[in-house]
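Engineer:
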Amino acid sequence: MTDLHVRPGNPGREESAPGVPPEAARTLMKAAFLPTGVTAGIIVIIVLAVLLTGDGDFTGAFAAVGAGWLAIHQVSLPISGVRLGVLPILATAAIFAASYHQCKKVARGGLELRDAAQLAAAVVGVPLVMTIIALAVVKDASTVLKIATPNFFQAFAWTIGIHGIAAAFALGRSFWQPYAELLRIPGWGWDALRAARRGGVTLAAAGLAATLALLAASLDDIVAVLEAHHGAAAPLGLTALSLLYLANVVVGVVGVSTGAAITIGEGYISLFGFVPAPVPTVPVLAALPVSGPEPWWPLLMLIPVAAGVSIGQFLHSAALPARQAFSAAACAAVVASAGYFLLAVAAGGALGVFGSATLAPLYGGLFLCGWLLLSSSAALGLLLWMSRRKDRHERRAEVERAIAEALAEEQAREQATAEKPETDGAGPDTSETAQKSGLLALVRQRVPAVPVSVTAIPGAVSKLRKNLPGVSKPDKPEPEVDASSAGEEVSAPAQAAPEADDSGNSATDSAAAKSPDNDDDAVGESRDGKADSAHEGGNESDPQDVPASHGQQKWKIWRRKKDH
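In my numbering, the protein residues as written are 76 to 639.
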């Protein structure tokens with residue numbers, strides 16, 4: 076078991092017998108026995124302190140220790156014919172965290188399947204043995220004390236579940252990644268789990284803040300409960316009991332914030348309704364209302380909204396594609412709601428003579444899932460829209476800056492070309508296509524990562540020419556049309572018409588197909604065809620009816636050069 080961080084042995088020694096190396100065995104035993112031993116020691120100290128301060132009999136000391144171990148693992152205890160099922164989940168969370176921490180220390184470097192199985196068996200097996208011992212002690216004490224034997228199946232299920240889940244979480248992504256790939260679980264599933272953890276932490280923090288605010292508003296009732304008991308031991312015991320049950324109250328506040336109703340005995344509490352019922356005189360229960368719903372109670376709905384927003388922010392920071400981010404948000408909402416369901420089941424139960432307490436595990440989980448899904452999707456969509464809008468503005472500003480630099484460089488190049496003497500008699504190429512191509516090349520040199528299209532440049536260029544100081548629009552040379560060849564230009568299409576009828580292919584169509592400006596030539600040809608038909612009919616065409624476009628002028632020049 077070299078994966079369990081075992082130091083290599085002395086090469087000079089002989090090979091030891093096959094089995095678990097001593098260092099690996101010590102590592103496993105430490106991970107298995109340390110949480111169990113520390114928890115049992117704390118229970119013993121608390122039981123002795125209670126018996127010594129209360130002048131109690133030590134006859135049931137061992138039974139009290141066994142009952143304490145079972146209570147930490149959420150095993151309900153029938154005492155004097157009354158079943159107590161509402162047990163503090165804070166102690167359960169503490170032993171869960173202890174097992175998780177010890178397993179995490181062992182599995183931090185990654186484990187093989189065999190080593191992971193041995194670690195999980197050790198972490199679960201030792202607490203399970205302690206549970207069996209506690210059940211035996213409680214059953215033996217039931218013949219003397221007024222305590223009944225708990226349900227064996229419930230005790231085994233809670234023990235295996237608490238420590239098994241802690242070991243599974245502690246193995247980490249490095250262990251579960253191959254199995255996730257085998258099951259074809261998408262990669263964003265890990266981001267969804269981390270987002271669910273972030274949402275759960277936010278939900279717990281917001282619920283704790285709301286609970287503390289409610290307790291602060293009921294401070295007079297808390298003081299009255301503590302003053303009702305004489306001596307120093309009773310107030311200290313009630314304060315410690317309130318701290319243990321504080322997490323249960325937080326779960327109830329979160330359930331109420333989703334819109335569900337929690338029940339205590341014959342009464343219930345929700346955001347929009349309240350039916351009072353007798354409750355135990357514990358200071359932490361002073362947070363429960365004593366009258367009708369307050370006007371500010373709907374503000375508690377901000378608790379699940381805050382958790383959903385935190386999920387959306389986390390997934391946005393993960394830089395996932397939009398579709399995967401929304402899928403991860405939905406998965407995180409389901410996982411967080413499942414966690415609330417388990418906590419609500421553990422936090423509720425039988426409450427002795429007061430009936431039972433139900434923290435709405437089913438409806439609260441469904442409502443919480445809806446809240447988280449809506450708020451996380453809204454927050455994620457808003458953040459994605461804002462980031463894309465910012466990127467578009469930055470990209471547009473970068474392109475416009477590059478175009479402005481290209482315009483300035485183009486103008487400087489034109490001025491330098493104009494100052495040079497003309498050797499071949501041909502002036503600089505100032506046509507629109509050449510300007511676009513040259514400007515496009517300059518822009519792409521400055522912004523290589525931005526997709527710049529030729530069709531998107533003229534609008535920005537014209538805007539920048541008007542706004543930039545010192546940049547003037549270059550004058551386009553007007554093509555000269557010879558008056559003597561005007562008749563030939565008009566009659567050329569008419570003469571080419573019979574040839575098109577005989578051969579089936581028009582010379583104008585073939586020339587237009589070879590021309591680089593097919594669209595402009597087609598427009599000019601159609602307009603000249605209308606002008607020729609008007610001349611053949613004996614009607615003179617009005618120049619206003621056939622406007623001289625740039626494409627038409629280019630076609631006339633090309634036709635004149637071909638005829639000559």
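Glycine is no exception: its CB is placed at the ideal position from the N, C-alpha and C atoms.
Excluding five sequence neighbours on each side, which residues of the same chain lie with their C-beta closer than 7 Å to the C-beta of valine 122?
Structural biologist: By one-based count along the sequence shown, residue 122 stands at place 47. Excluding positions up to five away in sequence, the list reads Ala136, Ala139, Val140, Gly143.
Engineer: From this set, Pro153, Glu369, Lys465, which residue's C-alpha is nearest leucine 220's C-alpha?
Structural biologist: Residue 220 sits at position 145 when you count from the first residue of the sequence shown. Checking every option, the nearest Cα to that of leucine 220 belongs to Pro153.
Engineer: Below 8 Å on the Cβ atoms is my guess for alanine 242 versus valine 199; work out the distance and round it to an integer in Å.
Structural biologist: Mapped onto the sequence shown, residue 242 falls at position 167. Mapped onto the sequence shown, residue 199 falls at position 124. Contact flag correct, Cβ pair sits at about 7 Å.
Engineer: Return the residue from the list Ala432, Phe347, Gly383, Ser174 that minimises the CA-CA distance to leucine 686.
Structural biologist: No answer is possible for residue 686: it lies beyond the span of the chain, which begins at 76 and ends at 639.
Engineer: Out of curiosity, what's the CA-to-CA distance linking phenylalanine 250 and isoleucine 339?
Structural biologist: By 1-based counting over the sequence shown, the position of residue 250 is 175. By 1-based counting over the sequence shown, the position of residue 339 is 264. About 43 Å.
Engineer: Can the beta-carbon of leucine 448 be found closer than 7 Å to that of alanine 405?
Structural biologist: By 1-based counting over the sequence shown, the position of residue 448 is 373. By 1-based counting over the sequence shown, the position of residue 405 is 330. Yes, these two residues count as a Cβ contact at 7 Å.
Engineer: Grab the span of the alpha helix (DSSP H) containing threonine 433 for me, first residue to last.
Structural biologist: Along the sequence shown, one-based indexing puts residue 433 at 358. Not the alpha helix (DSSP H): threonine 433 falls in the beta strand (DSSP E), residues 431-433.
Engineer: Please work out which residues of its chain come closer than 8 Å, Cβ to Cβ, to isoleucine 164, disregarding the five sequence neighbours upstream and downstream, and give them in chain order.
Structural biologist: Numbered from 1 along the sequence shown, position 89 holds the residue referred to as residue 164. Same-chain partners within the cutoff: Gln149, Ala322, Asn323, Val326, Leu418, Ala421, Ala422.
Engineer: By the three-class DSSP mapping on this structure, what secondary structure does tyrosine 254 have?
Structural biologist: To locate residue 254, count along the sequence shown from 1; it is residue 179. Three-state DSSP puts tyrosine 254 in a helix.
Engineer: Taking only the alpha-carbon atoms, compute the straight-line gap between glycine 312 and proline 358 and give it to the nearest angstrom.
Structural biologist: Mapped onto the sequence shown, residue 312 falls at position 237. Mapped onto the sequence shown, residue 358 falls at position 283. So the two alpha carbons sit approximately 11 Å from each other.
Engineer: Would you grab the beta carbon distance between alanine 271 and alanine 407 for me? Rounded to a whole angstrom, and I think it's under 8 Å.
Structural biologist: Along the sequence shown, read from residue 1 onward, the residue named residue 271 stands at position 196. Along the sequence shown, read from residue 1 onward, the residue named residue 407 stands at position 332. Alanine 271 to alanine 407, Cβ: 4 Å. Contact.
Engineer: Assuming arginine 273 contacts phenylalanine 389 under a Cβ cut-off of 8 Å, what Cβ separation, rounded to an integer in Å, is found between them?
Structural biologist: Counted from its first residue, the sequence shown places residue 273 at position 198. Counted from its first residue, the sequence shown places residue 389 at position 314. 5 Å between Cβ atoms; contact.
Engineer: Inspect the beta-carbon positions of leucine 458 and histidine 391 and report whether they are closer than 7 Å.
Structural biologist: Residue numbering aside, residue 458 sits at position 383 when the sequence shown is read from its first letter. Residue numbering aside, residue 391 sits at position 316 when the sequence shown is read from its first letter. Taking 7 Å as the Cβ cut-off, leucine 458 and histidine 391 qualify as a contacting pair.
Engineer: Please determine, among Ala491, Gln490, Pro364, the residue with the shortest C-alpha to C-alpha distance to valine 328.
Structural biologist: To locate residue 328, count along the sequence shown from 1; it is residue 253. Per the Cα distances, Pro364.
Engineer: Any idea what DSSP makes of tyrosine 320, helix, strand or coil?
Structural biologist: Locating residue 320 in the sequence shown gives position 245, where the first residue counts as 1. DSSP places tyrosine 320 in coil when its eight states are reduced to three.
Engineer: Keeping to the same chain, check which residues put their C-beta closer than 6 Å to that of lysine 551; ignore five residues upstream and five downstream.
Structural biologist: Translated into positions along the sequence shown, residue 551 becomes position 476. At lysine 551, the pLDDT of 48 sits below 50, so the modelled position is not reliable; the number obtained from the coordinates is stated separately. The answer is none, since no qualifying residue turns up.
Engineer: Note the first and the last residue of the continuous alpha helix (DSSP H) segment covering glycine 264.
Structural biologist: Translated into positions along the sequence shown, residue 264 becomes position 189. Taken as a continuous stretch (DSSP letters only), the alpha helix (DSSP H) holding glycine 264 covers 263-292.
Engineer: Which of the three DSSP states is assigned to lysine 631 in this structure?
Structural biologist: Against the sequence shown, residue 631 aligns to sequence position 556. Three-state DSSP puts lysine 631 in a helix.
Engineer: Bridge partners for tyrosine 415 per DSSP, in chain order?
Structural biologist: For the purposes of this step, residue 415 is identified with residue 340 of the sequence shown, where counting begins at 1. Paired residues: none, contrary to the question.
Engineer: Is the region 222-240 in contact with the region 203-210, if contact means three or more CB pairs nearer than 8 Å?
Structural biologist: These segments touch.
Engineer: In this structure, how does DSSP classify alanine 107 when only helix, strand and coil are distinguished?
Structural biologist: Here residue 107 corresponds to residue number 32 of the sequence shown, with the count starting at 1. Alanine 107: helix per DSSP, three-state reduction.
Engineer: On a Cα-Cα basis, can you pick out the residue from Gly440, Ala197, Phe401 that is closest to glycine 414?
Structural biologist: The residue labelled residue 414 in the question sits at position 339 within the sequence shown. Out of Gly440, Ala197, Phe401, Gly440 has the C-alpha closest to the C-alpha of glycine 414.
Engineer: Going by C-alpha to C-alpha distance, which of Pro355, Leu103, Ala493, Ala223 sits closest to leucine 186?
Structural biologist: Stepping through the sequence shown from its first residue, residue 186 is reached at position 111. Minimum Cα distance to leucine 186 is reached at Leu103.
Engineer: Which residues in the same chain as alanine 361 place their Cβ atom closer than 6 Å to its Cβ, once the five residues preceding and following it in sequence are excluded?
Structural biologist: Within the sequence shown, the letter at position 286 stands for residue 361. Counting only Cβ-Cβ distances below 6 Å, and skipping sequence neighbours, we find Ser293, Asp296, Ile297.
Engineer: In this structure, does DSSP put threonine 338 in helix, strand or coil?
Structural biologist: Stepping through the sequence shown from its first residue, residue 338 is reached at position 263. Strand at threonine 338.
Engineer: For serine 249, which of helix, strand or coil comes out of DSSP?
Structural biologist: In the sequence shown, residue 249 corresponds to position 174, counting from 1. The answer is helix: DSSP assigns serine 249 an H, G or I state.
Engineer: Just the C-alpha distance for alanine 255 and isoleucine 337, rounded to the nearest angstrom, thanks.
Structural biologist: By 1-based counting over the sequence shown, the position of residue 255 is 180. By 1-based counting over the sequence shown, the position of residue 337 is 262. Alanine 255 and isoleucine 337: Cα-Cα distance of roughly 38 Å.
Engineer: Does lysine 631 pass the burial test, meaning 16 or more other C-beta atoms within 10 Å, or should it be called exposed?
Structural biologist: Taking the sequence shown and counting its residues from 1, one reaches residue 631 at position 556. Lysine 631 comes out buried.
Engineer: Considering only C-alpha positions, which residue in the set Gln490, Phe231, Tyr175, Ala285 is nearest to leucine 374?
Structural biologist: For the purposes of this step, residue 374 is identified with residue 299 of the sequence shown, where counting begins at 1. That would be Ala285, whose Cα lies nearest to the Cα of leucine 374.
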